[in-house]
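Taking it in order: structure first as structure tokens, then the write-up.
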Amino acid sequence: MLGVFENEKLIAAYPVAVGSARTTSPIGDWKVRGIAKLPRFRYDKEMLEHGERSGNFYMLPPGPRNPVGVMWIALNKKGIGIHGTDDPRSIGHAVSHGCIRLANWDVVGLATKIKAGDNVSIH
């Protein structure tokens with residue numbers, strides 16, 4: 011679950027998908043760098059498998075088949091963010107490449123409650 015706190019009070023909670031056993035979500039304290047609506051997705055196999063960008067990638071346009079869904083919340087951890095999904099059935103499972111994945115309707119709600127500079131704790 012992803013919890014949103016304001017003045018130490020829980021104000022919202024959302025079910026999530028987290029990193030798989032092979033590509034775990036990064037434990038630690040991070041910051042929100044920015045929020046992008048209807049993001050493009052940089053498909054880079056090297057980044058997804060090993061966390062390192064390569065020159066061999068494809069830019070996928072926004073839309074219903076975009077793997078990061080309708081919202082990308084960038085964190086200050088390279089390649090890791092909180093985002094929507096094109097597969098809401100994945101929520102509740104450890105299946106991502108390290109990102110925190112929410113249903114599109116939930117990530118839209120989350121984006122109204124946070125801003126750049128907010129703290130994110132993954133544990």
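Residue numbers for the sequence shown, in the numbering used here: 11 to 133.
Beta carbons: idealized from backbone N, C-alpha and C, even for Gly.
- At the C-beta level, V26 and L12 come within 7 Å of one another.
- DSSP assignment within the region 97-129 yields the following whole alpha helix (DSSP H) runs of 4 residues or more, N-terminal first: 114-121.
- DSSP places H93 within a strand segment (E or B) once states are collapsed to three.
- Rounded to whole angstroms, the separation of the alpha carbons of E59 and N114 is 24 Å.
- Under DSSP, E16 takes part in a beta bridge, and its partners are K19.
- Note on P71: under 16 other CB atoms within 10 angstroms of its CB, so exposed under the neighbour-count rule.
- At a Cβ-Cβ threshold of 7 Å, M81 and G94 count as neighbours.
- DSSP lists S131 as the bridge partner or partners of D39.
- The C-beta distance from W40 to V130 rounds to 4 Å, short enough to meet the 8 Å contact threshold.
- The C-beta of R111 has 16 or more other C-beta atoms within 10 Å across all chains shown, which makes the residue buried.
- DSSP places K87 outside both helix and strand once states are collapsed to three, so it counts as coil.
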